[in-house]
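There are 4 protein chains.
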Amino acid sequence: MIIVMKHDASKKEIGNLTDHLTTCGYRLTISEGVERTVIGAIGDESLLKGKQVQTFPGVDEIIPISKPYKLVSREFKKEDTVIDIKGVKIGGKELAVMSGPCSVESLEQAHTIALKTSAKGSKILRGGAYKPRTSPYSFQGMGPEGLIYLRKAADEFGMIVVTELTDPRDLDIVSEYADIIQIGARNMQNFRLLHEVGAQEKPVLLKRGMSATIKEFLLAAEHIAKEGNSNIILCERGIRTFETYTRNTLDLACVPAIKSLSHLPIIVDPSHGTGRIECIGPMALAAVAAGADGLMLEVHPNPDEALSDGDQSLTPDQYCEVIDKVEIIAKAVGREIAK
Amino acid sequence: MIIVMKHDASKKEIGNLTDHLTTCGYRLTISEGVERTVIGAIGDESLLKGKQVQTFPGVDEIIPISKPYKLVSREFKKEDTVIDIKGVKIGGKELAVMSGPCSVESLEQAHTIALKTSAKGSKILRGGAYKPRTSPYSFQGMGPEGLIYLRKAADEFGMIVVTELTDPRDLDIVSEYADIIQIGARNMQNFRLLHEVGAQEKPVLLKRGMSATIKEFLLAAEHIAKEGNSNIILCERGIRTFETYTRNTLDLACVPAIKSLSHLPIIVDPSHGTGRIECIGPMALAAVAAGADGLMLEVHPNPDEALSDGDQSLTPDQYCEVIDKVEIIAKAVGREIAK
Amino acid sequence: MIIVMKHDASKKEIGNLTDHLTTCGYRLTISEGVERTVIGAIGDESLLKGKQVQTFPGVDEIIPISKPYKLVSREFKKEDTVIDIKGVKIGGKELAVMSGPCSVESLEQAHTIALKTSAKGSKILRGGAYKPRTSPYSFQGMGPEGLIYLRKAADEFGMIVVTELTDPRDLDIVSEYADIIQIGARNMQNFRLLHEVGAQEKPVLLKRGMSATIKEFLLAAEHIAKEGNSNIILCERGIRTFETYTRNTLDLACVPAIKSLSHLPIIVDPSHGTGRIECIGPMALAAVAAGADGLMLEVHPNPDEALSDGDQSLTPDQYCEVIDKVEIIAKAVGREIAK
Amino acid sequence: MIIVMKHDASKKEIGNLTDHLTTCGYRLTISEGVERTVIGAIGDESLLKGKQVQTFPGVDEIIPISKPYKLVSREFKKEDTVIDIKGVKIGGKELAVMSGPCSVESLEQAHTIALKTSAKGSKILRGGAYKPRTSPYSFQGMGPEGLIYLRKAADEFGMIVVTELTDPRDLDIVSEYADIIQIGARNMQNFRLLHEVGAQEKPVLLKRGMSATIKEFLLAAEHIAKEGNSNIILCERGIRTFETYTRNTLDLACVPAIKSLSHLPIIVDPSHGTGRIECIGPMALAAVAAGADGLMLEVHPNPDEALSDGDQSLTPDQYCEVIDKVEIIAKAVGREIAK
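Encoded structure:
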C-alpha cells in the first residue's frame, strides 16, 4: 500500500500515521519529496484489522498495490484453465459454442434448435427457464418444465446444458438438469448466489454485470473460487454506456485484457452484447479474432414469435451462416469448431 | 405502439404487418409520409401474445407509447404516497433522516450512534448485518447478531430500523428485527428478491442500481408493487459514470424527475453517492433543496476504525453539523426535521 | 512518481529501470515487498525529457503523485478567486446569475429578456451569436448582428455580457462586444481556442465537456491560466451518462469537489444540465445549496418559438418564480442575490 | 414527426396543437388511444420555422421519424463510397493501413517508421505535428517542421500522408503537406473546423468523439458533407465509459452498425482505443473481422523515448507481427493487405 500525504501534512500527522502502521506490523519506506511525502507500507492489508488509513489527518490518497483477486489471477496460476464437462472442453483449442433460445418455450422449440445447432458444431445448449425481466409484465420463464425440455433436447443430440440460476432456493433443481450453471449479468454481484455456486461442483458461467469493471468482474469470480469452485467460465455480454443504438456496448478489449490478468476461459455473447441482428455475426467473428474461447448465441426457430428477445435471435439458417464464417476466422487464429 | 417502416419497405411488407396487427385486434392508423410509412397500432401490447413486430421485414423501429410501469406511476395515483411506520411518516412534510453505520459492528457502536443521531432528529436507524462486498476478503457483516444489536439500540431511543436483505432465505429473520427492508443497489434487479418483499407487508427501501435508468428503477419498484406491496421508498445513491473522483455520480435531477413520474417518496444517500467527506454535507443540502423526502447518512463513532466504508462515514459531530444546515434548507423549501 | 513492478520482474529489469531513473536525476526509494517491488522516484517529471517509463520491461503500473494542474489548484492559491467585471463580482458572497436566451434572435427578444431578468437581480446577460449545433440543418446563430443586439440590450439595463466564442478568428469581434468570453462544452478541449483566450484579458467562462473528468476540466482551465489569464469561471453543465431521461446528468458533487481542489469560482447551468422544465428549478436550488457561486439559466419570452433549445427555456414568469426560491436558499447558505 | 400527448391532455390542448400544425403545412393523422392521443405530423420539419412543439401544453413527447442526416446515409447512396487518393483506395477490397508515430519528432524518426511500415503494406503515413494534449505541460507537437518531415518520409516510400488539423488558421499549411486531413476526437463537434474541411477538396479522416453517439458521429460527418466534401473516412477510436482498465472502450459494434446506416468507409484505431500493448493486436484483428475498412496504428522505433503516447505504440517489430496476423484475418473475410 502506498500512502500519499497532503501537500501541507504536518510532521506530527505523518508521525501519527507511521507510528500506527508500524504498530500494525507494516515495514515502511518513507519518501520525502519536494511537494509531498509518500509512504510505502509493506505487508498484508489484513494487518490493518479494519482500521482505516484514509481518515488519518494529512492523508491525501491511498494506492493499493496488490491485485485484489488472487485465485483467479494469472499470477496465481500461469497456464490457461481448461474445463472438461462430459468431454466438452472449454478454454482449449476448440471453441465453445453455446446456442439456443433466450427462453425455453416448449419441448418442440428446444428440440428443433438443438437439432440444427448440434449439426453445426454446437455442443452446448443454452436456454432460460427462470428469466430475470426488466418489466414485471413480461414472460418470466417456464420454470422447472423448461429445465426438463432443455435437458431432453440436449440429451437427444449429445449436448450439454447451460441455464441460469436466479435464486439460491432453485439450486437443487437447476443442478439436477444443468451441466453448467449460469449467473446472469444482473446477479453478478448477488454475492449470496455466488457463494452458493462456489460451494457446489458444477462449472459456473459468470456473465459480466452491466456496470462492472474488469476488476469487479474478476472479484465476482474470486467470490466463487474462494468457496472452492474454480471451474468458472467468464462471459462478456456488453456494458452499459451512453450509446443506445446498440442494446449494450460489447467491450471486446476485455478479452485480451482478461487473458493477461486471469487464467480463466472467457466467451462472448454478441446477441445480448449488441441486440441488433446486423451486428451479431460481425461481432461473433470479431470475438473469435480477439481471442475469445467461445460464443453464446441466441437462436430461435421463429424469432418473430419468441416470447423474449426475438429481435436479437438468429434463425437456424442465419446461425449456420454465422458459424460458417466463424469457422474460417477460428482457423485463422489457430482455433477450431467441432464437427 | 408506433411502427416506423423502412424507407424502402414494400407495399407487400406493409400489408403483411397491418394484416397481422389487425388479426391481433389492434386498431390502426397509417400515415404515408414522403420518406416512409408510419403505423399507429392502438390497443394493449398483450394483444401481441409474444409475437414480435420487430422481425417483420420492412420494419425500422418500434416506439412504445404506454409507460411500462403503472402502479407506481403518477398517472395511476395523483397524490403523493406517505408511508406511516409506527408514527414515523415518510413522504410528508417531515424529512425522513436515516442514519447509522455502514455495518453494525457491536451493540456499543450501534448504541452510541443511535444516542447521538436520535438526539438530532433522526428517527430511523440504519445499519448493515448482511453486507454485499465487492471483495470476498472484506468483512461480510455480523449476520443475525447485527440485527439484534440494531434493534436494541433503536428501541432504546424510540427509533425504527432499516436494514438490508440480500437473500430470500433471510426474509423471516430480517423481518423480525427490521421495520423497513432495504434492497441494495446490487440487488435492484434481483427480481426474485423483489417479488419476496413485494409479497410481504413491511415497507421496502429500494436503492437505485448503479447502472439503472430512471425507467428501470421505477420498473423494479413495479415488480414489488405488482406483488401487492406499494409501501416503497425509493433511494437515489449515485450512478456509475466515467467520473472516478467521486465514488459514484449522484444524479440529483432524478428527484424532480421521479416526483413528476411517480407518487412514491424518494430519499437520497450522499454517503454512497459521493464517497467523499467534503461532498456529503453539500450534497445532503442539495438533495433537500431539490425536493428529496429524506436522507440516508452513514455515521460512525470512529470512522478510522470502521470495518467498512470508513472513508465516507461522518463522525457524530460532523453529522450534527450537517443536520443543522439541513434544517435551514428544509425550512427554506417548506419541510422540517423532527426535534 | 511511483512505479509498481510486475510480480515476476527480474533483478536485471529492476536494475535497468533504476539506473535509468538515477541518470535522469531522480532520487529513488525502493521497497521490496513480498509480492512485488515498488519504486518511488522523487523529482520533477520533466526530468524524463519524454522518456517513457511504462515501456521498460517489468513495469506494471506508473502512479503519478503530483497533481497535474498547478496554477488553478487550491494548493497554489488558498483563498477563493473573486473576479470583478465592471463592479459585478463572481466568486464572492453575491451569486452570479447569468440569464438569457440560448440564441439571440432579435434586438426585441434580447431587450425583453434583459428587462425582465435584470429586474430580478440578474446582472449578466447571456446569449449565443455563434451556435455549435449537432445538426447542420439547425439554426447556427445570427453572428455579429447577434452580438450587437446583446450588447445593446445589456447596456440599457446596466448588465454585462457573456457569449460564446467558437473560432479563434472571431476573437476580436467577440471581445469587442462581450465582457466574459464563454468556451462551450464541445470546445473544452479545443486547446488552440483555450490558448487564445488565455492570451487576452477578458474573463473566461469555461464549460465542462460532456465527457470530461474533474481533472480534465481543471487541466483545461490550466491551459488558459498558463497563457496568463487566470480570470476563469468554471461551469458545470451536465455530463453524458447512460441516463437519457434527462438531456445530461448534472454532476452537482463536482461543486464541493472543485471547491476543495481549486480556488476558481464555479457556477451551474441547470438548463443544459437537465433539459427538462420540471428539473430546472429544483436543480437551481440544489446547486446553490451545494455551494455554487452562481447560475446560468436560459430564458425566452416565447419558448415555443425559440430557434433553439425552446424546450429547456424558462419563460420570464417561470424565471422569476425560480429566482424567488433561489433567494431563500441563498440566504440559508449565507449567500445573496442582487436587488 | 410523432407527437404523443399526455394522459390528461384536454381536447382544447389537442385542438390548439393540431391547428398550429395544420397552419404550418403538416398533414395530420390523429390516433385516439385508450390511454392517450397520438398525432402523426407528415411534412418536412423545416415547416415549423423554429416553432417548438414540445412547449405546447399537453404534449408529452416528440418522436422524430426522419433520420437527421441525409448525405452520409445509406438511404441517400446505396453503394459503398470508395475514396481514391493518388491510387490508394479506401473503402474497397484492400484494407487501408495508416501507421506512424503519435507525434512526429524528427525526420529520422519519420523516415525509420515509413521504411518499416511501407515494407509491410502500409501506404498511409500518419503522424501529428499539432497535438491536442490534455495537459498544457506536455509536448504540443513540432508544428510546420513536423509536417515537412512527414511529407519527406512519405514521399521517399511512395506513401500518402494523414495528419491532424486543430485550428482553421492552419488549413493552408496542413493542406500543403497532407493528403488526408484528420479531425481528432476532441474536435469532432468543432463545427467551424468541420465546415472549413467541408469547403475544401482533400479527403477528411473524422475521428469519433469520446462521448459521441453513432448518430452524432454521422451528424458531424454530415456537417462536412453539407459544405460539399463527401470524401470522408470515419474512424472509431474508443468511447469513454466507466471502465478505466483500458484507456477507452473500443466500440467495435459501431462498425457493422455504421455500415448499415452509412455508405462511408470506416476504419478502427486500436492504439487509442485501448491504450494497452496487449490489446492492440487482438483488437486490430477483431476490427478487420468485424468489417472495418482499415486500421490506424501507432508505431514508434523506440516507444520508451516517445514524446507522447509511448505506452500504446508498437515497435516496428511488433507492428510487423500484428500485420502478419491481420493479413490472415483479412483473407478470411475476403479482404487483403497491399504487398
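Chains as they are written, first to last, in our numbering: chain A, 117 to 455; chain B, 117 to 455; chain C, 117 to 455; chain D, 117 to 455. Idealized CB from N, CA, C, for every residue including glycine. Just so you know, these numbers come straight off a predicted model, no measurement behind them.
query                                                                                                                                                                                  : result
Using only CA atoms, which one of Ala157(C), Glu221(C), Thr145(C), Phe172(C) lies nearest to Lys128(C)?                                                                                : Phe172(C)
So if DSSP puts Gln298(D) in a beta bridge, which residue, or which two residues, is it bridged to?                                                                                    : Glu280(D), Leu321(D)
So is Gly141(D) in contact with chain B if we call contact Cβ pairs under 7 Å?                                                                                                         : no
Chain B beta carbons: is any one of them nearer than 7 Å to that of Ala408(C)?                                                                                                         : no
Residues of chain B with a CB under 8 Å from the CB of Ile179(D): which are they?                                                                                                      : Ile118, Ile179
Name the chain A residues that come within less than 7 Å of Arg356(C), Cβ to Cβ?                                                                                                       : Phe358
Identify which residue in Leu187(A), Asp124(A), Lys447(A), Gln168(A) has its Cα closest to the Cα of Val154(A).                                                                        : Asp124(A)
Tell me where the alpha helix (DSSP H) around Ile62(D) begins and ends.                                                                                                                : No statement about residue 62(D) is possible, as the shown extent of chain D runs from 117 to 455 and does not include it.
Am I right that Leu281(A) and Leu309(A) are in contact with their C-beta atoms under 8 Å? What's the rounded C-beta distance?                                                          : 7 Å
For the beta strand (DSSP E) containing Ser387(A), name the first residue and the last one.                                                                                            : That residue, Ser387(A), is in no beta strand (DSSP E); its alpha helix (DSSP H) goes 386 to 390.
Quick check on the DSSP output: the alpha helix (DSSP H) that includes Lys331(B) runs from which residue to which?                                                                     : 330 to 342
Which of the three DSSP states is assigned to Lys441(D) in this structure?                                                                                                             : helix
What do you reckon, is the C-beta of Gly274(D) under 6 Å from a heavy atom of the ligand SAH?                                                                                          : With respect to the ligand SAH, the structure offers nothing, as it holds no ligand at all.
Spatial neighbours of Thr362(A) within its chain, please: CB distance less than 7 Å, with the 5 preceding and 5 following residues excluded, ordered by chain position.                : Thr390, Gly391, Arg392, Cys395
Which parts of the region 147 to 204 of chain A are runs of the beta strand (DSSP E), unbroken and 3 residues or longer, counting only runs that do not cross its ends?                : 153 to 158, 175 to 179, 199 to 201
Under 7 Å, Cβ to Cβ, is there at least one residue of chain A near Thr145(C)?                                                                                                          : yes
Kindly list the residues whose CB is nearer than 7 Å to the CB of Leu137(C), restricted to its own chain and excluding five residues on each side of it in sequence; keep chain order. : Leu144, Ala157
Going straight from the alpha carbon of Gln298(D) to that of Ile374(A), what length do you get?                                                                                        : 33 Å
Whose C-beta lies closer than 8 Å to the C-beta of Asp176(B) among residues of the same chain, with five residues either side of it excluded?                                          : Val120, Met121, Lys122, His123, Ala125, Arg152
Kindly list, in the order they appear in chain C, the residues whose Cβ is closer than 9 Å to that of Val175(A).                                                                       : By Cβ distance, chain C contributes nothing, its closest Cβ being about 13 Å from Val175(A), past 9 Å.
Determine contact between the region 410 to 421 of chain C and the region 223 to 238 of chain C, defined as no fewer than three beta-carbon pairs at a distance below 8 Å.             : yes
Kindly list, in the order they appear in chain C, the residues whose Cβ is closer than 9 Å to that of Val154(A).                                                                       : Ile118, Thr145, Gly156, Ile158, Ile181
Starting from Ile383(A), follow its DSSP beta bridges and name the residues at the other end.                                                                                          : Cys351(A)
Would you please verify whether the beta carbon of Ser327(A) is less than 7 Å from any beta carbon of chain B?                                                                         : yes
Answer with yes or no whether the minimum CB distance from Glu191(B) to chain D is below 7 Å.                                                                                          : yes
Go to Gly262(B), then tell me how far its alpha helix (DSSP H) extends in each direction, as first and last residue.                                                                   : 260 to 272
When you compare only the Cα positions, how much space is there between Asp200(C) and Val371(D)?                                                                                       : 50 Å
Using a threshold of 7 Å, state whether the C-beta atoms of Ser446(D) and Ile453(D) are closer than that.                                                                              : Per the sequence presented here, residue 446(D) reads as Ala, with Ser not at that position. Yes.
Work out the CA separation of His339(A) and Gly207(A) for me, nearest whole Å.                                                                                                         : 21 Å
Under the rule that 16 or more other beta-carbon atoms within 10 Å means buried, what is Pro381(A), buried or exposed?                                                                 : buried
Within 7 Å (strictly less), CB to CB, does Gly149(D) reach chain B?                                                                                                                    : yes
Looking at the secondary structure, which residues open and close the alpha helix (DSSP H) in which Arg308(A) lies?                                                                    : 307 to 314
Could you give the distance in angstroms between the alpha-carbon of Lys441(D) and the alpha-carbon of Leu411(D)?                                                                      : 13 Å
Within 10 angstroms of its Cβ, does Lys232(C) collect 16 or more other Cβ (buried), or is it exposed?                                                                                  : buried
On a CA-only basis, which of Ile118(A), Tyr293(A), Asp295(A), Leu413(A) is nearest Pro432(A)? Give me that one, please.                                                                : Leu413(A)
With a threshold of 6 Å on Cβ separation, who are the neighbours of Met304(B) within its own chain once the five nearest residues in sequence on each side are excluded?               : Gly325, Ala328, Ala336
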